[in-house]
Structure formats: C-alpha cells, structure tokens
Amino acid sequence: MNIKINRATAAPVLAEFLGTAILVMMALVLSETTGVPYFIGTSVAVTLGLIYVFFGKLSGGYFNPALTIAVWTTRKIGTLRGVSYIAAQMLGGVGAWQLYQYFTNHHLVAKSTPYSTTMLIAEAVGAMVLAMGFTAIYAKTLDTITSAVTYGASFFVGILIAATATAAYLNPATSLALRNFNVVYVLGPIIGAIIGANLYMYMFGDKSSNKK
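Residues in the sequence shown are numbered from 0 upward in steps of one, following numbering that gives the first Met the number 0.
And the structure:
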C-alpha cells in the first residue's frame, strides 16, 4: 500500500494533535488548581468549542480517541484516518502532560482508581451525551458556530452527569495526561461514545457511508 504524505494528509492529523493538546492542557491546569466540576466543565467546554472553530473544518474536530472510535463504528471515517487521529490525540495528551510538568516544575503522580461499575457507567453515560452532540453536527450538517456551541454544550452536560460519580474525563487522552489511565476512564468513554454515536445515527442519520 502506497501512502503519500502531503499537506492534505498531514494537516488534519496535526490539527487533531494540536487541538487535543490544547484541550488536555486546559483540563490539566483546571484539575490541578480547582476541584469544582461546574467551573472545570464550563471552562473546558468553552475551550472545546474554540478549538472546534480553529480546526473543525480541517480534521472534523474530534480531539478524543473515544469519539474517533465511535464515529468509525458508524462508518463515517475510514480506518487509516481513524488510527492516525487516535495516535495524534494520544500524543497530544502526552505532549500536554509533559509541557505542563515543564511549565510548573511539578511531577504528576500516577493515580490508582479501583474498578467500579458505577464509575464505568457514569463515564459511559457522560460520553454518550457528548457523542450524541458531536454526531448531531454531521447528521444535521450544522454551521461552524452552531457546531461549536453544540459540541461544547454536549460536553458540559456530559461532564456534569459523569461528575456525580467520577472525575469525568470522558476522554482517554485526558485520563492519560492526568495519570489516571485505567479501565474506567478508557473503556467507559469508548463504550458510551459508541452507543451515543450509533444511537443518534440510527434515529437521525442517513444510511450511506461517508468515509473520509
């Protein structure tokens, strides 16, 4: 298989890397300085909407491996692009983590979160709401500003729901950067996002495949 790397191929992947890094950096700063879910949720939701305006038209504006996997299951993104996006998103999370440590001269200690079905379900439900909002952007072909508001608002609602039982990351790249990378914060968002994206497409989406 001959894969040509040019601006059209590389720019969307770079956009996912940069967007995820910005999003995760904001989550890191807020999580390490405040523990108020409403403030964190609002701030990160605004950041998510902003970076969607920056990069949404270029890459689709995923910035989250769980959403990438979910959209892949709806056949709206190709396998190669999906894998490259996930790699870029995880690297973006690692980059934000390392940059945060460099800026603050503070080493983030790995956290240990025991498995809890309640926490797993909470992450899944929060991610399901997020994925439904994200999928609505494409199913309804919303304009950029409306898409950004929808995306940010769905994240805000999702994070507040999940925060009743968990740290409410809803994003494996964020959980990796915050040193809390475990089954609850990885599998929960993926399961929830898959359910949310497919449920929304079943109800409102078309039946055609539109892989990019």
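Don't be surprised by glycine CBs; every beta carbon is placed ideally from N, CA and C.
Range covered by the alpha helix (DSSP H) that runs through residue i
i, result
"residue 39", "36 to 58"
"residue 79", "78 to 103"
"residue 6", "6 to 32"
"residue 134", "116 to 138"
"residue 201", "182 to 203"
"residue 159", "143 to 161"
"residue 69", "64 to 72"
"residue 111", "Counting along the chain, residue 111 falls outside any alpha helix (DSSP H), and DSSP gives it neither H nor E."
"residue 165", "Counting along the chain, residue 165 falls outside any alpha helix (DSSP H), and DSSP gives it neither H nor E."
"residue 175", "171 to 176"
Local Cβ density within 10 Å of residue i, reported as buried at 16 or more and exposed below that
i, result
"residue 31", "exposed"
"residue 170", "buried"
"residue 102", "exposed"
"residue 113", "exposed"
"residue 88", "buried"
"residue 73", "buried"
"residue 124", "buried"
"residue 79", "exposed"
"residue 201", "exposed"
"residue 7", "exposed"
"residue 189", "buried"
"residue 33", "exposed"
"residue 207", "Residue confidence for residue 207 is low, a pLDDT of 48 falling below 50, so the modelled location carries little weight and cannot support an answer."
"residue 38", "exposed"
"residue 82", "exposed"
"residue 173", "buried"
"residue 50", "buried"
Neighbourhood of residue i by C-beta distance below 7 Å, restricted to the same chain and skipping five residues each side
i, result
"residue 149", "132, 135, 136, 141"
"residue 167", "36, 125, 158, 161"
"residue 10", "57"
"residue 106", "100"
"residue 181", "112"
"residue 178", "107, 108, 109, 110"
"residue 151", "44, 45, 47, 48"
Proximal residues to residue i (C-beta, below 8 Å), its chain only, five neighbours per side dropped
i, result
"residue 196", "66, 69, 70, 72, 73, 130, 131, 133, 134"
"residue 139", "203"
"residue 256", "Absent from the structure is residue 256, since the part of the chain shown begins at 0 and ends at 211."
"residue 299", "No answer is possible for residue 299: the residues shown for the chain start at 0 and end at 211."
"residue 127", "157, 191, 192, 194, 195, 198"
Same chain only: Cβ atoms within 6 Å of residue i, ignoring 5 sequence neighbours per side
i, result
"residue 187", "119, 122, 123"
"residue 199", "131, 134"
"residue 96", "176"
"residue 62", "18, 19, 22"
"residue 98", "none"
"residue 274", "The requested residue 274 is not part of the displayed model; the chain covers only 0 to 211."
Short CB-CB distance (under 9 Å) between residue i and chain D
i, result
"residue 22", "The structure shown has no chain D; it contains just one protein chain."
Problem set entry | Stretch-stretch touch, CB-based, cutoff 8 Å, three pairs: the region 80 to 100 with the region 10 to 23 | Result yes; three or more Cβ-Cβ pairs closer than 8 Å.
Exercise. Any chance the region 37 to 48 sits against the region 114 to 123, with 3 or more Cβ pairs inside 8 Å?
Worked result: Flag = no, the region 37 to 48 and the region 114 to 123 do not touch.
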